[in-house]
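Residues in the sequence shown are numbered consecutively from 47, following our numbering. Ideal Cβ placement from N, Cα and C applies to all residues, glycine included. Given the structure is predicted, the values throughout are model-derived calculations rather than measurements. The structure appears below as structure tokens.
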Amino acid sequence: MSDESANQYTELTEHEYTILLAELDEANATNRRLRRQLKKAEDAAAEAARAHAKMVETLTETMRENTALMIERDMWKVRAQRAIAFEPDDAEFDLSSLLGMPSMTEAEVRTIRKAIARLHHPDAGGDAERMKRWNAALDRLEKRL
Numbered sequence: 047m048s049d050e051s052a053n054q055y056t057e058l059t060e061h062e063y064t065i066l067l068a069e070l071d072e073a074n075a076t077n078r079r080l081r082r083q084l085k086k087a088e089d090a091a092a093e094a095a096r097a098h099a100k101m102v103e104t105l106t107e108t109m110r111e112n113t114a115l116m117i118e119r120d121m122w123k124v125r126a127q128r129a130i131a132f133e134p135d136d137a138e139f140d141l142s143s144l145l146g147m148p149s150m151t152e153a154e155v156r157t158i159r160k161a162i163a164r165l166h167h168p169d170a171g172g173d174a175e176r177m178k179r180w181n182a183a184l185d186r187l188e189k190r191l
């Protein structure tokens, strides 16, 4: 390449130089605008991550509290069922004195239990609550034997 052709490419007119400076200013302005948009997007993403972490923490704590409440509810439910099974009226009910017998044998208690099961067992169309009450009374009677 000759010096003349090399100079052709490097020499700019003042007008071309002004155009290049304007394009450079425009590119710099676009770069600054895009950097501001990027910063805003990064800040929004960071805020979303903080909000997500807070939500997960809150949901986890809520689940822990709900689990504790369910366990406590189940415990009280079992206690209530036990209390119903051993009501004071049932505790004072003495089957042997009702029958006018001072004592009964284990065989007699088993026979009564089988007869009650035939009458009141839920699978045979009976009343489950009556079956429970009879079983509780017969259990107390068996303990005395």
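Name the two residues that bound the continuous alpha helix (DSSP H) containing residue i.
i      : result
Thr151 : Here Thr151 belongs to no alpha helix (DSSP H), and DSSP marks it neither H nor E.
Glu88  : 60 to 131
Ala182 : 174 to 190
With a Cβ-Cβ cutoff of 9 Å, do residue i and residue j count as a contact?
i      : j      : result
Lys178 : Ala131 : yes
Leu115 : Val155 : no
Ala163 : Ala170 : yes
Leu70  : Leu58  : no
Glu152 : Leu191 : yes
Just to check my reading of the structure: residue i and residue j have Cβ atoms closer than 8 Å, yes? What is that Cβ distance to the nearest angstrom?
i      : j      : result
His166 : Trp180 : 6 Å
Considering Cα atoms alone, identify which of the options is closest to residue i.
i      : options              : result
Ser149 : Ala75, Ala92, Arg186 : Arg186
Gln127 : Arg82, Ala182, Ala91 : Ala182
Any C-beta of chain C sitting closer than 9 Å to the C-beta of residue i?
i     : result
Asn77 : Included in the structure is just one protein chain, with no chain C present.
message: Can you confirm whether the region 105 to 124 touches the region 156 to 171 when touching is taken to mean that 3 or more C-beta pairs between the two stretches lie within less than 8 Å?
response: no
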